[in-house]
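Numbering (this note's numbering), first residue to last: 4 to 128.
We put the beta carbon where it would ideally sit given N, CA and C, even for glycine.
Keep in mind that this is a model prediction, so the values were computed, not measured.
Below is one structure; the comments refer to it alone.
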Amino acid sequence: MLKESKAFSGFSVDDIPKAKDFYEGTLGLEVSESNGMLSLHVGGGAPVLVYPKGSQHEPATFTIMNFPVANIDEAVDALASRGVEFERYDYPDLKTDDKGVMRGNGPSIAWFKDPAGNILSVIEE
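Structure, rendered in structure tokens:
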């Protein structure tokens, strides 16, 4: 029944205009708006739905979207120059460097948050 369905993912935010500004203006994604919701048009075809929950929104405590990049340092530097702040972790099994990049424990990856507090990442291919 669902085998041929063109499934897509979605997540909530507390402020659609702030989310649109971040995803379109800061991250440079193609964003469309309809019925009070956003569609993020990313590589791979299926859009990602961003829907409002207002004061009922609770940020995801896990990574909701990963952006594969060819060079983690170039991506982190470019995003940082646009005002993105990268998370810093110092746990026994998860440590990031001064730039916010975890290296040597799987692919290099750096996490950051959208204005609603949802966790995103850039991950080196």
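{"Asked": "Presumed contact (8 Å Cβ cut-off) between Ser15 and Pro55, rounded CB distance", "Found": "7 Å"}
{"Asked": "Spatial neighbours of Gly50 in its chain, beta-carbon cut-off 7 Å, leaving aside the 5 residues before and after", "Found": "Before going on, a small fix: residue 50 reads as Pro here, not Gly. For Pro50, where only same-chain residues beyond five positions count, the Cβ hits under 7 Å are Phe11, Ser42, Leu43 and His44."}
{"Asked": "As assigned by DSSP and simplified to three states, the class of Phe65", "Found": "coil"}
{"Asked": "Assigned secondary structure, Pro50 (DSSP; H/G/I helix, E/B strand, else coil)", "Found": "coil"}
{"Asked": "Status (buried if at least 16 other CB within 10 Å, exposed otherwise) for Tyr92", "Found": "exposed"}
{"Asked": "Assigned exposure category for Leu97 - 16 Cβ within 10 Å defines buried", "Found": "exposed"}
{"Asked": "Contact under 8 Å by Cβ, Phe25 with Pro110", "Found": "no"}
{"Asked": "Candidates Ile126, Asn121, Val104 and Val125, of which the one nearest Thr64 by Cα", "Found": "Asn121"}
{"Asked": "Proximity below 8 Å, CB of Leu123 to CB of Ile67", "Found": "yes"}
{"Asked": "Beta-carbon proximity check, Ala73 vs Val125, cutoff 8 Å", "Found": "no"}
{"Asked": "Sequence-distant residues of its chain with Cβ nearer than 8 Å to Leu32 (five each side left out)", "Found": "Tyr26, Leu43, His44 and Val45"}
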